[in-house]
Amino acid sequence: MNVSVESRTDAERHNSLQRINRLPIELLSRVFLAGDDLDYAPGLPEVAFLNEEMFDVTAFYFQEIVVQVCRHWRAVGLSVPKLWSHISTDQYPLDPRAELFLSRSGTTTPLYLSLYMTEDFTKGLENDDSCSHANRTHKLLASIVEKGGITSRWRYLKVWCDMPSVVIAVADFIAKAPLENLAVLLLDNNPRYPSRMYDCILDTMLARDEQDNIMFRSPPPKLQDLLLGGMPTQFFFNDPPTALVSNLTRLELGVTCTLPPVLGLYELLSSNTKLESLVLDMSLVDQVHLHIRPRSEVQVELPSLRRFALKEPKSANWAISVLAMINAPGVEEFTLDLNHTMPPNPPGAVARFVAIARQGTQLLKGWPASDMNMDGWGPIFPALRHLILGPFPDRGPILSSTIRAFTNLTRLDWELEESCEQAILDLAVAPLPCPQLEHLRVHGVPNDELVLVVKGRAERGAPLKTVEVNSRDWGMITDEAKSYLEDALETFGEYIDENESDSDSDDDWTDTDDEDASDGSTLDSSEGEIQQLGSQAAQHNKTLWINRLPVELLSRIFLTGDKLDEIDALESSSREKQQEFQEIVAQVCHHWRTVVTSIPMLWSYIRIDVSYPYSRAELFLARSGNTIPLELELDMTGEFMKGLDKHDNHSHAARTTESLAFIVSKGGATSRWASLKVWGGLPGVLFATIDFITGANLDNLHTLGLVNDPDDPGLLQDLVSKALLERGTPQLALFHNPPPLLRHVELFGIASDFLFSNPTPPRLCNLSHLELSTIPTLPRLESLEELLSNNLGLESLVLDMGLVHDLKQVELRSLRRFVLKEPMNTSWALFVLMMIDAPGLEMFVLDLRDTVLPRLPGAIATYAGIGRKNGQLLARILSESEANELGPIYPVLKHLVIGAFPDDSDYIHHMVRQYSSISRLDWELRGSAGKAFRGLGKSPLPCPRLEHLRVREVPSHELVHVVQSRAAQGKPIKILEVHSQDWGSIDEQMRNLLYASLERLGQYDGESDTESETDTSSDSDTASDSDDGSTEDSEESAEGNEDDDWVDTDEESDSDSQ
38 MNVSVESRTD
48 AERHNSLQRI
58 NRLPIELLSR
68 VFLAGDDLDY
78 APGLPEVAFL
88 NEEMFDVTAF
98 YFQEIVVQVC
108 RHWRAVGLSV
118 PKLWSHISTD
128 QYPLDPRAEL
138 FLSRSGTTTP
148 LYLSLYMTED
158 FTKGLENDDS
168 CSHANRTHKL
178 LASIVEKGGI
188 TSRWRYLKVW
198 CDMPSVVIAV
208 ADFIAKAPLE
218 NLAVLLLDNN
228 PRYPSRMYDC
238 ILDTMLARDE
248 QDNIMFRSPP
258 PKLQDLLLGG
268 MPTQFFFNDP
278 PTALVSNLTR
288 LELGVTCTLP
298 PVLGLYELLS
308 SNTKLESLVL
318 DMSLVDQVHL
328 HIRPRSEVQV
338 ELPSLRRFAL
348 KEPKSANWAI
358 SVLAMINAPG
368 VEEFTLDLNH
378 TMPPNPPGAV
388 ARFVAIARQG
398 TQLLKGWPAS
408 DMNMDGWGPI
418 FPALRHLILG
428 PFPDRGPILS
438 STIRAFTNLT
448 RLDWELEESC
458 EQAILDLAVA
468 PLPCPQLEHL
478 RVHGVPNDEL
488 VLVVKGRAER
498 GAPLKTVEVN
508 SRDWGMITDE
518 AKSYLEDALE
528 TFGEYIDENE
538 SDSDSDDDWT
548 DTDDEDASDG
558 STLDSSEGEI
568 QQLGSQAAQH
578 NKTLWINRLP
588 VELLSRIFLT
598 GDKLDEIDAL
608 ESSSREKQQE
618 FQEIVAQVCH
628 HWRTVVTSIP
638 MLWSYIRIDV
648 SYPYSRAELF
658 LARSGNTIPL
668 ELELDMTGEF
678 MKGLDKHDNH
688 SHAARTTESL
698 AFIVSKGGAT
708 SRWASLKVWG
718 GLPGVLFATI
728 DFITGANLDN
738 LHTLGLVNDP
748 DDPGLLQDLV
758 SKALLERGTP
768 QLALFHNPPP
778 LLRHVELFGI
788 ASDFLFSNPT
798 PPRLCNLSHL
808 ELSTIPTLPR
818 LESLEELLSN
828 NLGLESLVLD
838 MGLVHDLKQV
848 ELRSLRRFVL
858 KEPMNTSWAL
868 FVLMMIDAPG
878 LEMFVLDLRD
888 TVLPRLPGAI
898 ATYAGIGRKN
908 GQLLARILSE
918 SEANELGPIY
928 PVLKHLVIGA
938 FPDDSDYIHH
948 MVRQYSSISR
958 LDWELRGSAG
968 KAFRGLGKSP
978 LPCPRLEHLR
988 VREVPSHELV
998 HVVQSRAAQG
1008 KPIKILEVHS
1018 QDWGSIDEQM
1028 RNLLYASLER
1038 LGQYDGESDT
1048 ESETDTSSDS
1058 DTASDSDDGS
1068 TEDSEESAEG
1078 NEDDDWVDTD
1088 EESDSDSQ
């Protein structure tokens, strides 16, 4: 016993000196969460979560391993509920592991359920006893709820089964359950006996009341992905047709028995116009009405749809009706599988319709009349890049003409019938179809035909780069053909389709049990003690679970930790950097050091903030390899310019050029730069940076940030003017050729001549994020118009001020967030609003403090409230007599932020009333605006959807009045946030009145768009800044990182294991 205690004491002494214990608990918990995600889904958790093959009920999972590494890791692992939120089982009663995970997942953490209700689940039951199958299903789901996994916590639910009675029982259970947090639902009924599928469903359905055959009684409000396989049609399509779900982004619909009614499908798609992926799989349909009449009266636009699959529609007329109904010109991937399609119309009619049914924005609503002139008509998906063709029971020439219609294809997947083998040769016949085709994947193509296609396209100047052959055909390709194809192509090989095994092996995993994980150099003691403790540590480390973590998984954790380190830096207001994540873990032990130094991506973040020598940057560059994209940050203020005259632009510019040249000389070529952010204390720093990158190869640059950050911001304009005079009159341009991948640009204090000098046009295009603050002159609006016209895909825009001229409107259909702060000149601001047509805007910040004549700021508020008529943005402000049928310039606005408003409160009151769609309002009042605020409680109530209110400088009695008035009229405020400076003025009586009418009440600090900190006395939860559409990540991050929820389990017995 004494020996054991002494050995343990020595081990604990050694461990206390290890660098691993310097990792902050918060960071370690986030690493564990990232490792958990990688365990369930390497690279893409949400997709792999839907993959049945990813799950193994017998395997040890990441969280089970890390809690056995040491007491410290065990304490951290057990204190993070989200680590235990994936609940998987394939048996009833609920197995001990699932119960353990449920107990450790807390009471509020969202759950991810995987239920495998196949042969093991129904063991002991008769195959034909549908009632016993249904009863067991109900008992399993009820037991999950009883153990704390209530349905309101379910985030993902995926069920695999092989009996119709099971999937119907699951549908019955969830139809009546509260599922307010459900985001993904997968029900996959893969029949154990396919030939008896229809009879089994019929027997089950006959014993049921028709009113019970419904998928949802109350649609889950957050449901985004719905995947149904083998579900009886009656459960999803009722009479009269109504949509059971809405606002989906992904829908995979596989039904049984009968084809869905076309009108029912129309109602469903009309309620889900944001769909990005749609799969209609009719392969399990058994009963088909052969004389379905094509419908021509319905059509629905799906502008966001990018992936569409139509599989085995059985009826050609039904397929044409569906294709004619779905107007989705943006589809990029289309799967067409016409196997088992039956008369009266041949499958060729479907393929022909796909090729000829669109002219511009017009889509045919059915098969064209025989006398219709089809000149100018083309394929229904003009932007298609990837076409997937299943077995086609018809003549080859029809399919070849369909393929020829899609001129933008870059990839073609083609499974040919034996009678259509020669059709593949058309790909090499002049004039060549699909001139941009680079990737070909085939099944059922003979050896010689494949060689002829590759050779023919190469000879005609449109060579293929990648060819994949189905693994079942691979053995039939001769060695001679393989040799030719390998030489002629960049990539040639076989692929395994979904019907074959593609499971991962353990061959690439490394056993590190015998590796010495100690690092004696960290011990500050005598050499003899170092050797003795090192030897003891080596023996001790051989028994630790940490050495069973595979190298691949460990490297992924390190990459995730590095990313979290960058996120923390972005969220911090300070630019000062401490030790990097990778530098810390490299000092934990020899094993970790070997792994971390072998991953170039961990060293791709290069920061320079001190003067030469740049030893740290040189080390990171050396370890980043030669090809990994680099993220560069140069803080050329403070320490970086030490020893230089702080007013000398020339010396600052010279040191800037020196540092950039140093990066290139050490292997950081400009072609590797993915992100470049520079802070300068003098304008010469930015001038030198721009001169360096103007003619450089920046093919991979996607982010550029240039910030003029002098010690005294009040001198910024004088400093830039002086620097421009010193520079003389060389040509000013940000880029000669804009980087092709550039999407994110932030320019602060940049000389406007670099962007808007005439006759040089703007050099920025195809941006999604632009923040622009120019100096010392304002950009002319004509130049600003040209800049915006080159960036129609902008999603976030922050602008400064300019002159007023007659302008053309620019449509920014993707813009969701727009901030207009202190434009100073009212006319300039007004014309900017008239120029930017963004009907999809969801967040608008309007701050008019210090705005001056020639027009009153009230004109801006008036225009913002009634500046759109019949969907068109107006180019002037209409008078009140003309104000019929007018509406706000942003008709779908959800979040309005109003800064201090220097004008009469009536203008702002009328503007707020116009935005009936907003659910959140941030309002900083001045004394004269009290009347406008009181209007929020007057009947008829403005903003009927308003639930979240954040205010500043509002008297407490006004707050109580508005909150109680809206509650009394049935439109209550749920969340109220008061600025911290005003919080003390609300006495206890007023707070109690507010608590009685609100779900959450708290205070916030800083500007109106910063995060809040809620007063804990009002509610146990933390007040959230997010709208109803807040992301899952933010919710789960809050749950996983609250220190108050952590439990110290150092004294817990080691015997508590799974």
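38 is the number of the first residue of the sequence shown in this note's numbering; add one for each residue after it.
Virtual Cβ for every residue (Gly too), placed ideally from N, Cα, C.
Given the structure is predicted, the values throughout are model-derived calculations rather than measurements.
Neighbourhood of residue i by C-beta distance below 7 Å, restricted to the same chain and skipping five residues each side
i	result
V1015	V988, I1023 and Q1040
S708	N734, D736 and N737
L462	E486, L489 and V490
N484	M513, I514, T515 and A518
S976	Q1006
P1009	R1003 and S1034
R886	E859, G936, A937 and P939
T174	M154, V203, A206 and V207
L296	M319, V322, V325, K351, S352 and W355
M638	L596 and I665
DSSP three-state assignment for residue i, whether helix, strand or coil
i	result
P1097	Residue numbering for the chain in the displayed model covers 38 to 1095; residue 1097 lies beyond these limits and cannot be assessed.
C198	strand
K1008	coil
S833	strand
T634	helix
H994	helix
Y642	strand
I363	strand
S976	coil
L801	coil
A969	helix
L469	coil
R245	coil
F371	strand
Residue i Cβ short of 7 Å to the ligand GDP heavy atom set
i	result
A135	In terms of ligand content, the structure shown is empty, and the ligand GDP therefore cannot be addressed.
Straight-line Cα distance separating residue j from residue i
i	j	result
D225	L260	17 Å
T126	M154	8 Å
I873	G830	12 Å
N1029	L1035	10 Å
G415	L305	27 Å
D746	E136	56 Å
R913	A896	10 Å
D1080	F99	Confidence at D1080 is low in this model, with a pLDDT of 38, below 50, so the placement of that residue is unreliable and no value is reported for it.
G742	L669	10 Å
V647	S805	32 Å
L1184	C471	Nothing about residue 1184 can be read from this structure; the chain reaches only from 38 to 1095.
Q396	L449	23 Å
R850	S826	12 Å
Chain-order list of residues whose beta-carbon lies under 6 Å from that of residue i (same chain, five-residue window excluded)
i	result
F657	W640 and I643
L890	Residue placement at L890 is flagged as unreliable, the pLDDT there being 45, under the threshold of 50; the coordinate-derived value follows with that caveat. Closer than 6 Å at Cβ, skipping near neighbours: no residue.
Q951	G902 and P925
I435	G385 and A388
Close Cβ partners of residue i (< 8 Å) along its chain, the five nearest in sequence each way excluded
i	result
H998	R971 and G974
K1099	Outside the shown range of the chain, which is 38 to 1095, sits residue 1099, and nothing can be said about it.
Could I get the ranges of all uninterrupted beta strand (DSSP E) runs contained in the segment 130-172, with 3 residues as the minimum, in chain order?
-> 148-154
Within the segment 263-348, ranges of the alpha helix (DSSP H) (whole runs, at least 4 residues) = 299-307
Three or more beta-carbon pairs under 8 Å between the segment 303-322 and the segment 334-347, yes or no?
-> yes
Could you name each continuous beta strand (DSSP E) segment of 3 residues or more that falls completely within the segment 475-536, going from the start of the chain to the end?
-> 476-480, 503-507 and 528-532
Sufficient close CB pairs (3 or more, under 8 Å) joining the segment 491-502 to the segment 511-520 = no
Check whether the segment 698-707 touches the segment 720-728, taking contact to mean three or more Cβ pairs, one atom from each stretch, closer than 8 Å.
-> no
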